[in-house]
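These notes concern the structure reproduced below.
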Amino acid sequence: MIYEGFLAVKAILENKERQISTLFVLENKFSKQINYCRALAHQRNIPIQMINKVKLDQLAQGKTHGGILLQAQPTAVIDSFPNQLGYWALVEGVEDPYNLGAIMRTLYCAGYDGLLTNQRDFEFADPIIVKASGGASEKIPWIQLSNTEQGLALAKSLGHRVIVTHRQSESKPYYDLSFKQPHVLCIGGEMRGLSKQVLDCADEWCVIPYGNQDARLSLNAVSALAILSFEKGRK
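Quick note on the working numbering: the sequence shown kicks off at 1 and runs consecutively.
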């Protein structure tokens, strides 16, 4: 697969678990960023090809590659919850690769340990996810659970609390909850929300109060996650 842009290429080169074939660089293109990527490639004995713009554009998916591409294998799928405490976010109902990338970028910046989703075939979209995440997808694990209910049960047995975003009688404003304890923060897509299997695992329910009381709209998962994930650092 072809990955494009400095942030994506840099992050993959820094991830030593990735299998990488070739670094492609626009001929006569020099910058600190490109020199850094070339140095990383040299350290890992990765071939570097200097090619013209026509060939580079043919290899790339878009026009914003910045003169640098990388051919590499997609990320290996992890399908089970790790046997350790941490801070995780579980997201259901989001399959758009740009949104998944934005979610990973948000979680990485907020200090979360990784992303949990249901298992899907995202291999075709891996280059988009890496670029949309600004390379954050290489910094935190993405676990695609084969069985969400079992994954959450394991998380709870390890000592995680399961916090779900869901409007019901027991739901509290998110700022009244403590996000200090290791937890799994669960957010559903704006159309269908969270599945019954996830809701049944909940220890706490929270909502995001709206400033506009007349609003009858759901925030999308990216926006909701940005609000909630940074609460951990604030608390």
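Even for Gly, the Cβ is constructed at its ideal location relative to N, Cα and C.
On the CB-based measure, 16 or more other CB atoms within 10 Å of its CB, does residue i come out buried or exposed?
| i | result |
| --- | --- |
| isoleucine 187 | buried |
| tyrosine 3 | buried |
| phenylalanine 179 | buried |
| tyrosine 174 | buried |
| valine 54 | exposed |
| methionine 104 | buried |
| isoleucine 48 | exposed |
| glutamate 138 | buried |
| leucine 217 | exposed |
| isoleucine 83 | Looking at the sequence shown, residue 83 is not isoleucine but asparagine. Exposed, because fewer than 16 other Cβ atoms sit within 10 Å of the Cβ of asparagine 83. |
| glycine 101 | buried |
| lysine 63 | exposed |
| alanine 60 | buried |
For a test of the three-state rule: what should DSSP assign to residue i, helix, strand or coil?
| i | result |
| --- | --- |
| proline 127 | helix |
| lysine 29 | coil |
| leucine 116 | strand |
| glycine 161 | Glycine is not the amino acid found at residue 161; the sequence shown has arginine there. In this structure, arginine 161 counts as strand in the three-state DSSP scheme. |
| isoleucine 2 | strand |
| leucine 217 | coil |
| isoleucine 140 | coil |
| valine 222 | helix |
| isoleucine 78 | strand |
| glutamine 73 | coil |
Report the option in the options whose CA atom is closest to the CA atom of residue i.
| i | options | result |
| --- | --- | --- |
| alanine 224 | Leu90, Ser31 and Ala41 | Leu90 |
| threonine 106 | Ser133, Trp142 and Val54 | Ser133 |
| arginine 44 | Gly135, Gln168, Lys172 and Glu17 | Glu17 |
| alanine 72 | Glu14, Gly114 and Leu116 | Glu14 |
| isoleucine 78 | Arg38, Gly101 and Asp121 | Asp121 |
| histidine 183 | Ala136, Asp214 and Gly114 | Gly114 |
| proline 209 | Gln168, Gln61, Ala60 and Asn147 | Gln168 |
| valine 207 | Gly5, Ile227, Val222 and Lys29 | Ile227 |
| tyrosine 98 | Ile46, Gln213, Ala221 and Ser229 | Ala221 |
| leucine 219 | Lys172, Lys232, Gly193 and Leu40 | Gly193 |
| lysine 10 | Phe30, Cys37 and Asn28 | Cys37 |
| isoleucine 12 | Thr75, Asp203 and Glu231 | Thr75 |
| leucine 23 | His42, Arg234 and Ala155 | His42 |
| glutamate 170 | Ser146, Trp205 and Asp176 | Trp205 |
| phenylalanine 6 | Leu116, Phe230 and Ala136 | Ala136 |
For residue i, decide whether its Cβ has a neighbour in chain B, counting only Cβ atoms nearer than 8 Å.
| i | result |
| --- | --- |
| lysine 16 | Included in the structure is just one protein chain, with no chain B present. |
**Asked** Are at least three pairs of beta-carbons, each pair with one atom in the region 160 to 177 and one in the region 57 to 71, less than 8 Å apart?
**Response** Counting Cβ pairs under 8 Å, fewer than three are found: no touch.
**Asked** Would the region 79 to 89 and the region 101 to 113 be scored as touching if the rule is three or more Cβ pairs under 8 Å?
**Response** Contact check between the region 79 to 89 and the region 101 to 113: three or more CB pairs, one atom from each, fall below 8 Å, which counts as touching.
**contact_flag[the region 189 to 203, the region 93 to 107] where n(CB pairs < 8 Å) is 3 or more** = These segments touch.
**Asked** Curious, which full-length beta strand (DSSP E) runs of at least 3 residues does the region 168 to 203 contain?
**Response** Those beta strand (DSSP E) runs which fall completely within the region 168 to 203 and span 3+ residues are 183 to 188.
**Request:** Entirely within the region 81 to 114 and at least 3 residues each: give me those beta strand (DSSP E) ranges in chain order.
**Result:** Within the region 81 to 114, the complete beta strand (DSSP E) segments at least 3 residues long are 87 to 92, listed from N- to C-terminus.
**Request:** Evaluate the contact criterion for the region 118 to 133 versus the region 199 to 214: three or more CB pairs, one atom per stretch, below 8 Å.
**Result:** The answer is no - the region 199 to 214 does not touch the region 118 to 133, with fewer than three Cβ pairs under 8 Å.
**Request:** Only counting runs of 3 or more residues, tell me where the beta strand (DSSP E) segments fall wholly within the region 11 to 69, in order along the chain.
**Result:** Fully enclosed beta strand (DSSP E) runs of 3 or longer: 20 to 26 and 48 to 51.
**Prompt:** Is it true that the region 55 to 63 meets the region 145 to 162, where meeting means three or more beta-carbon pairs spaced less than 8 Å apart?
**Reply:** No: the two stretches stay apart, fewer than three of their Cβ pairs being nearer than 8 Å.
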